[in-house]
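Working notes, structure below.
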Amino acid sequence: MPTDDPSGDHAYAGTNPGVRHYQYPIPVHDTLAGFDWVSQNLQPDRLGVIGTHIGGSLALTLALTEAASVKAVAVLEPVCDWPGLDAFCTQTAQHGHKPTSARGMSSRKARHAPRDLVPLLDARERLFSTPERYFDAFASPVLFLRSAGKDVPPAIPTYFTGPEYPVPVLKPLSRSEEQIGYWDVHMHAVEGNDTGTEYPTKTVSEQDDDSAYPVRRRKALRRWPPYGLDYGTGGSSGLHYQLGVRRLQVTLPWVRIFSRMELDNAEPSHSSRTPKSANTSTVLASQASEMVDVMRRACFWGHEKGIGERRVTLAPIPSSESDEIQAGRAGEWIMETLSAD
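Using the working numbering, read the sequence shown as starting at 9 and increasing by one per residue.
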């Protein structure tokens, strides 16, 4: 990482004093600057992008914002939904209520959190200075395609973690913070459910009686590409007015998301559907599965049936497979896709 001092509060020193880590939105700015340089100087006929974890989320952002230039995107275990991390945690008991899980699970079922949850919560605290930063679609690309399902909290939620907390527990808050939606009680979408499902909410009178419960919100699907983005800032404003608002005519690039999952067999699957033998036992596996589902449903309105399943695929791979083998598979897929496109 660069060692020069950046401006503002967008950098912090890690355990290594010679390394400086940069907070969002700097990774987004760097990615767009690199994309512009490649486009202007190399001018490739076919451009493919590969990324892993946070790099994977940035690659998906390019797929959704630069679809006219990017032909194929391969991502390995991307972080697609930073606000969604709270859905895997537990709320502290208040006003005589037992602690409840944001996923709607009893404590008997939610004995242990996914193994990657605590590292992701720690990374969120370090990479973002305010909640608004990770509620930005450029940081959480699934938000290009659906709403967050909750309001932006006044501060980044923090949790009790450690051996005595198998599931992270929300640290106590002031009552005023709870009333404005600090805690995410909107249940995270589970495999096979419609992410646009509206869950039951309390009535107004019930909320008055127990204001610790914030209003649940619907995770509404957003069509892609959005309307009104194909005119730009050039040309005659009068001409734009006469044309009206139209949808940008562009097709989503070929997308393959590689995700570590517990598989019954040792061989990875490249089916257009998630195999029933795949277990989304980690946060990243759950997010990968949802991202594929949402991209298929949001990005191909009016297209022939099945094009979304062909163009956006999930590649579950054994959890024991090394990063090097994963990267090799992603590179091979990119080369094959660019050659055939």
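Beta carbons are placed, not taken as given, at the ideal position from N, Cα and C, and that holds for glycine. In this text the structure is predicted, and so the values were computed from the model without any measurement.
How is the alpha helix (DSSP H) around residue i delimited, first residue to last?
i    : result
F43  : I34 to W45
R319 : I315 to R319
I342 : D331 to A348
R141 : P139 to Y142
Going by Cα to Cα distance, which pick from the options is closest to residue i?
i    : options                  : result
A71  : L292, D38 and C307       : C307
R264 : Q51, H311 and L322       : L322
D351 : P176, E332 and S330      : What is shown of the chain runs 9 to 349, which leaves residue 351 out entirely.
P122 : A145, D94 and T138       : D94
S65  : E317, L346, P35 and R337 : P35
L151 : H120, P324 and R230      : R230
H29  : E172, F136, A67 and S267 : F136
P234 : W309, E172 and S267      : W309
R225 : E172, F266 and R154      : R154
I62  : Q99, W90, Q51 and D53    : W90
S297 : R54, G92, D53 and P324   : P324
Give the straight-line distance between the Cα atoms of residue i and residue j, rounded to the nearest whole angstrom.
i    : j    : result
A147 : V83  : 15 Å
P326 : M269 : 6 Å
Y142 : W232 : 21 Å
E344 : R319 : 14 Å
E133 : I164 : 7 Å
M299 : V57  : 17 Å
Q31  : C88  : 17 Å
A335 : V302 : 24 Å
V160 : E140 : 7 Å
T169 : K227 : 28 Å
V81  : L125 : 25 Å
S294 : S77  : 29 Å
R305 : G316 : 7 Å
K179 : A156 : 22 Å
L290 : P86  : For clarity, residue 290 is Thr in the given sequence; the question names Leu instead. So the alpha carbons of these two residues sit roughly 12 Å apart.
T60  : L68  : 10 Å
Q51  : F43  : 10 Å
D38  : I342 : 22 Å
How is residue i classed by DSSP in three states: helix, strand or coil?
i    : result
V291 : helix
F96  : helix
P91  : helix
A306 : helix
V258 : coil
Q215 : In this predicted model, Q215 has a pLDDT of only 41, less than 50, meaning its place in the structure is not dependable; the value taken from the coordinates is given anyway. In the structure shown, Q215 sits in a helix (DSSP, three-state: H, G or I).
S297 : helix
P149 : helix
What is the residue span of the beta strand (DSSP E) that residue i lies within?
i    : result
R134 : Counting along the chain, R134 falls outside any beta strand (DSSP E), though it belongs to the alpha helix (DSSP H) covering L125 to L135.
H29  : R28 to Y30
Quick one: does residue i have its CB under 9 Å from some CB of chain C?
i   : result
T39 : Protein chain content of the structure displayed is limited to a single chain, and chain C is not contained in it.
Give the list of continuous beta strand (DSSP E) stretches no shorter than 3 residues that lie fully inside the region 50-88. Here the runs fully enclosed are 55-60 and 78-84.
Residue ranges of each beta strand (DSSP E) within the region 151-187, 3 or longer: Considered as a whole, the region 151-187 harbours 167-170 and 173-178 as its complete beta strand (DSSP E) runs of no fewer than 3 residues, in chain order.
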